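Reading the sequence shown from the start, the letters are residues 1 to 301 in full-length UniProt numbering.
Heads up, the beta-carbon is just placed ideally off N, CA and C, and yes, glycines get one too.
Values in this document were obtained by computation on a predicted structure and should not be read as measured data.
Report on the structure given below.
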Amino acid sequence: MSRPGSSRIASTNLGGGGGFRVLEGKVAIVTGGSRGIGAATCENLANKGASLIINYTSDSSTEKAEKLAQQLQTSYGVKCLPVQADMGSENGPAHIVDRAVNNFSHPKSRKFQIDIVINNAGVASKMLLEDCTSEEFARLYNVNVRGPLLLMKAVQPHLPTDRSGRVVNVSSVSAALGFHEDAMYGGTKAALEAMTRTWSRELSERCTVNAVNPGPVATDMYGSTSREFQEKMSGWTRNTPLAAVRPGVDSQEFVENASFAGGRPAYEDEVAGVIAMLCTPDSGWCTGSTICANGGFKFSN
């Protein structure tokens, strides 16, 4: 299937345009920031005043990352730095922080602070147990689990000391729902949620640490799924309160596909809105939790 159209007149996300920029002067790292949920999160944070380190992995994403950085700088008057680094490598996460220090430190005092970290970069794979390999498990684990761990280790010395920092880990409903062929992917996301809880205690004087758990989202990954896959998911989707399509509001493709898909996926900016909400000062009494970012596909306990 083609990448789903995402234009609509309105949505559950009423937007954050205008008004007081609650993240003015903050510095944020967003991994996997050149596309999808990551790019939408970058725009939301920039709109709120945050300067950005936009991480991406592949050479094919260089142009997208650079274009996004320029667009956000022009539109919102914030500083944006694209940084190519593989979150699945041992040195990639530290490289992101090194580039941030070199480009965002005060020119005289060399003071530097990372206020926000969005661990968004992730890879997925669907395999039956009999088809799982150690190589494929390592690929998923290194990006989805080890990468965030190493990034947080590198970031820790630069976090605020007054609890004002914000960390949001992007998990998935797969961490809890036990989907067919999801042992490796769901397992890595469950591990990320476990680290979220631990870090919320270890870093409690520096930052809050939460996770969000998207369900289906209108990204390139969703666009590559088959009609058969969407039909299999339709039972879940039909029971998702906010997934019901609204003609005249939602993308025409989503309206047409609802007959077999059961409803629509999230728009990228809807998930980004939940992530950004957890980055604001108002979220300061919330930590160690996995927050619903799936329209009710999986209710929070």
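Quick check: residue i and residue j, are their CB atoms within less than 8 Å of each other?
i	j	result
Arg264	Asp282	no
Ile54	Leu68	yes
Tyr56	Ala65	yes
Phe179	Gly186	yes
Asn294	Gly215	yes
Asn169	Thr196	yes
Asn103	Leu72	no
Arg99	Ser61	no
Cys207	Gly165	yes
Val117	Val173	no
Gly147	Gly223	no
Val97	Ala154	yes
Ile275	Thr41	yes
Arg110	Val123	no
Glu205	Arg163	yes
For my contact list, residue i and residue j are in at a C-beta cut-off of 8 Å; report their separation, rounded to the angstrom.
i	j	result
Ala211	Ser171	5 Å
Met184	Ser125	6 Å
Leu52	Val22	The Cβ separation is near 15 Å, so there is no contact.
Leu150	Ala218	About 30 Å; that fails the 8 Å criterion.
Thr290	Glu193	5 Å
Would you mind sorting residue i into buried or exposed? The rule is 16 or more other CB atoms within 10 Å of its CB.
i	result
Gly135	Checking the sequence shown, residue 135 turns out to be Glu, not Gly. It counts as exposed.
Ser226	exposed
Ala272	buried
Ala50	buried
Gln230	buried
Phe297	buried
Asn144	buried
Leu128	exposed
Gly284	exposed
Glu63	exposed
Glu43	buried
Thr31	buried
Gly25	exposed
Asn47	buried
Ala261	buried
Thr198	exposed
residue 302	Only positions 1 to 301 of the chain appear in this structure, which leaves residue 302 out of reach.
Asp115	buried
Asn239	exposed
Asp59	exposed
Thr12	Here Thr12 scores only 48 on pLDDT, less than 50, and its place in the model should not be relied on; the value that follows carries that caveat. Under this definition Thr12 is an exposed residue.
Go through its chain and collect everything with a Cβ distance to residue i's Cβ below 6 Å, but skip five positions before and after it.
i	result
Ser200	Val209, Thr287, Gly288
Gly92	Ala85, Asp86
Ala190	Ala175
Val101	Phe112
Cys292	Ser300
Val83	Ile53, Asn55, Ile96, Arg99
Thr280	Val22
Leu278	Val168, Asn210
Met221	none
Pro241	Gly296
Ala243	Thr237, Gly263, Arg264, Gly295
Here's a check: name, in chain order, each residue in its chain whose Cβ is nearer than 7 Å to the Cβ of residue i, leaving out the five neighbours to either side.
i	result
Gln113	Val27, His158, Pro160
Val255	Val245, Pro247
Glu202	none
Tyr141	Thr188
Leu177	Lys298
Closer than 8 Å by C-beta to residue i: which residues in its own chain qualify, once you throw out the five before and the five after it? Chain order, please.
i	result
Gln70	Cys80
Ile37	Asn120, Val170, Pro214, Val217, Thr219, Glu268, Val271, Ala272, Ile275
Any heavy atom of the ligand GTP closer than 7 Å to the beta-carbon of residue i?
i	result
Leu68	This structure lacks the ligand GTP; in fact it carries no ligand of any kind.
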